[in-house]
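K.L.:
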Amino acid sequence: MAKDATSKKGGKKGKGKETPEISEKPLPTPRPGTSGTENLLITNRRQASEQFQKAHRAEKAYRAKKHATAARENYNETKAHFSEARSHFAQGCRGVFTVIRAVPYLLSEKREARRRARDQARRQRDLERKKKLEEALARQHTADSENESDED
Numbered sequence: 001m002a003k004d005a006t007s008k009k010g011g012k013k014g015k016g017k018e019t020p021e022i023s024e025k026p027l028p029t030p031r032p033g034t035s036g037t038e039n040l041l042i043t044n045r046r047q048a049s050e051q052f053q054k055a056h057r058a059e060k061a062y063r064a065k066k067h068a069t070a071a072r073e074n075y076n077e078t079k080a081h082f083s084e085a086r087s088h089f090a091q092g093c094r095g096v097f098t099v100i101r102a103v104p105y106l107l108s109e110k111r112e113a114r115r116r117a118r119d120q121a122r123r124q125r126d127l128e129r130k131k132k133l134e135e136a137l138a139r140q141h142t143a144d145s146e147n148e149s150d151e152d
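End of the sequence shown = 152 in our numbering, gap-free, step of one.
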């Protein structure tokens with residue numbers, strides 16, 4: 001090692017300008033000698049690690065491609081459903097407006113059907129009354145006929 005500008009006791013050697021300390025880089029620690037087997041094992045480990053990373057990336061890419069295909073199919077199907085739903089909704093809205101415009105006709109048709117049923121029931125009741133009256137008149141006529149024949 002080179003001599004330092006300072007002594008071991010911390011004093012200065014000269015009385016003039018201070019000189020910057022010059023220090024040398026420490027020598028690297030010597031590497032222990034490696035055997036061929038150790039180098040082979042290290043190389044094998046590195047290669048296995050690289051192969052594992054490549055396989056991992058390939059697996060991720062495959063999974064992403066597979067899921068992307070399914071997602072694309074789902075997206076297209078959903079898009080078709082929404083466009084169909086949009087057209088059906090428009091048809092439904094148009095139908096609602098036509099039904100709203102036709103409500104008075106529907107109500108008048110129902111009113112007419114109820115009126116016809118009422119008239120039919122009234123006719124039926126009138127026919128039954130007429131039949132009962134005719135029967136009563138017939139009985140009265142036969143009773144009167146019997147009374148007149150008894151008087152003779």
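Positions of the beta carbon are idealized from the N, C-alpha and C atoms, including for glycine.
None of these values were measured; they are calculated from a predicted model.
When you compare only the Cα positions, how much space is there between SER83 and THR69?
P.N.:
In the sequence shown, the residue the question calls residue 83 occupies position 83. In the sequence shown, the residue the question calls residue 69 occupies position 69. Roughly 21 Å separates the two Cα atoms.
K.L.:
Can you give the Cα-Cα distance for VAL103 and GLY95, rounded to whole angstroms?
P.N.:
The residue given as residue 103 occupies position 103 in the sequence shown. The residue given as residue 95 occupies position 95 in the sequence shown. Their backbone Cα atoms lie some 12 Å apart in a straight line.
K.L.:
Note down the Cα distance separating GLU50 from ARG72, rounded to an integer number of angstroms.
P.N.:
The sequence position of residue 50 within the sequence shown is 50, counting from 1. The sequence position of residue 72 within the sequence shown is 72, counting from 1. When rounded, the distance between both Cα atoms is 32 Å.
K.L.:
Could you check the C-alpha separation between ARG86 and ARG57 for me, to the nearest Å?
P.N.:
In the sequence shown, counting from the first residue as 1, residue 86 sits at position 86. In the sequence shown, counting from the first residue as 1, residue 57 sits at position 57. ARG86 and ARG57: Cα-Cα distance of roughly 42 Å.
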